[in-house]
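Here is the structure:
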C-alpha cells in the first residue's frame, strides 16, 4: 500500500530563511506526488505536483520540490520564507492502482518568525 | 472559474437534526469528493463520485449520505450525527481518470460542522 511520511509536525524558520519541509513516500508503483497548503479555516490549495516529467518541479509562491526516486523523497523548499507562508503543508501520493485516491501525510505546520 | 463553492461555511446541528452540505463546481470536472478533516489532521476521504456515480465509499457510516444530482453539484446529507462527527468537511473536484491521477484536486473552503 502507498503511504507518505512527513518528517516534523512543526517547523519554525525566520523570515528570509530557507524553508525545507520533508516528505518521504512508499509505493510499489510509479507515484504521482503533490504538495498542498492549507491556511487556517481554509481548504487545501495545490502548490505543485510531480507526474513523472521533470524531477525538479516548480510551483506557486516560489516553492519547488525535487523528486528523488533513490531516496523515495519529495521535499519542498523555498529559498526565502515570508510571513505569509505560515500555514499547514500536506504531502500526498496518488497511484493508478489506488483509483487515483490521494493519500495524505500527517502534515507539517510551518511557522515564520519576524 | 477554478472555484469549488461550499455552503454553508458553518453549521451547528443537534443529534436529531437532518441537514445537508452543498458543493458546486463549474470547471467541467467529472470527479467529485467528500473529505472529513479533524483539527491538526490530514483530510480523510469519505466518498468519490465519478461521472455522477458513486465509485468509492470509504466505509462511511450510513448517517452520512452523499448525492450527486448532476455533474456540477454534490450534496452530503446528514442525519443523527454524533458529537465526534464535528469536523471540517471538504469538497473537492478533479478531472476524471485517467487524468485524475495527475490532475490536481481543487478544494472548497469547507463547512465547519459542530454537532451538539
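Protein chains in written order, with the numbering used here: chain A, 2 to 115; chain B, 125 to 240. Cβ atoms here follow ideal geometry from the backbone N, Cα and C, with glycine treated the same way. Predicted model only: the values in this text are computed from it and were never measured.
For residue i and residue j, which I take to be in contact (beta-carbon distance under 8 Å), what is that distance rounded to the nearest angstrom?
| i | j | result |
| --- | --- | --- |
| residue 212(B) | residue 149(B) | The Cβ separation is near 18 Å, so there is no contact. |
| residue 68(A) | residue 92(A) | About 12 Å; that fails the 8 Å criterion. |
| residue 169(B) | residue 102(A) | 6 Å |
| residue 209(B) | residue 178(B) | No, residue 209(B) and residue 178(B) are not in contact; Cβ-Cβ is about 20 Å, not under 8 Å. |
| residue 29(A) | residue 109(A) | Actually they are not in contact, since the Cβ atoms of residue 29(A) and residue 109(A) sit about 25 Å apart, beyond 8 Å. |
By the three-class DSSP mapping on this structure, what secondary structure does residue i have?
| i | result |
| --- | --- |
| residue 84(A) | helix |
| residue 228(B) | coil |
| residue 42(A) | coil |
| residue 89(A) | strand |
| residue 208(B) | helix |
| residue 222(B) | Since pLDDT at residue 222(B) reaches only 47, below the 50 mark, its modelled position is unreliable, and the value read off the structure follows with that caveat. Of the three classes helix, strand and coil, the one that applies to residue 222(B) here is coil, per DSSP. |
Can you name the start and end residues of the beta strand (DSSP E) that residue i belongs to?
| i | result |
| --- | --- |
| residue 193(B) | 188-194 |
| residue 144(B) | 142-149 |
| residue 68(A) | 65-69 |
| residue 168(B) | 168-174 |
| residue 19(A) | Residue 19(A) -> no beta strand (DSSP E), and no H or E assigned at all. |
| residue 202(B) | 197-203 |
| residue 156(B) | 155-161 |
| residue 4(A) | 4-8 |
Give a yes or no on whether the C-beta atoms belonging to residue i and residue j are separated by under 7 Å.
| i | j | result |
| --- | --- | --- |
| residue 105(A) | residue 193(B) | no |
| residue 214(B) | residue 234(B) | yes |
| residue 241(B) | residue 136(B) | Chain B is shown only over 125 to 240; residue 241(B) falls outside these bounds and no answer can be derived. |
| residue 33(A) | residue 71(A) | no |
| residue 240(B) | residue 152(B) | no |
| residue 79(A) | residue 60(A) | no |
| residue 199(B) | residue 191(B) | yes |
Between residue i and chain D, is any beta-carbon pair separated by less than 7 Å?
| i | result |
| --- | --- |
| residue 68(A) | Here chain D cannot be found, since the structure's protein chains are A and B. |
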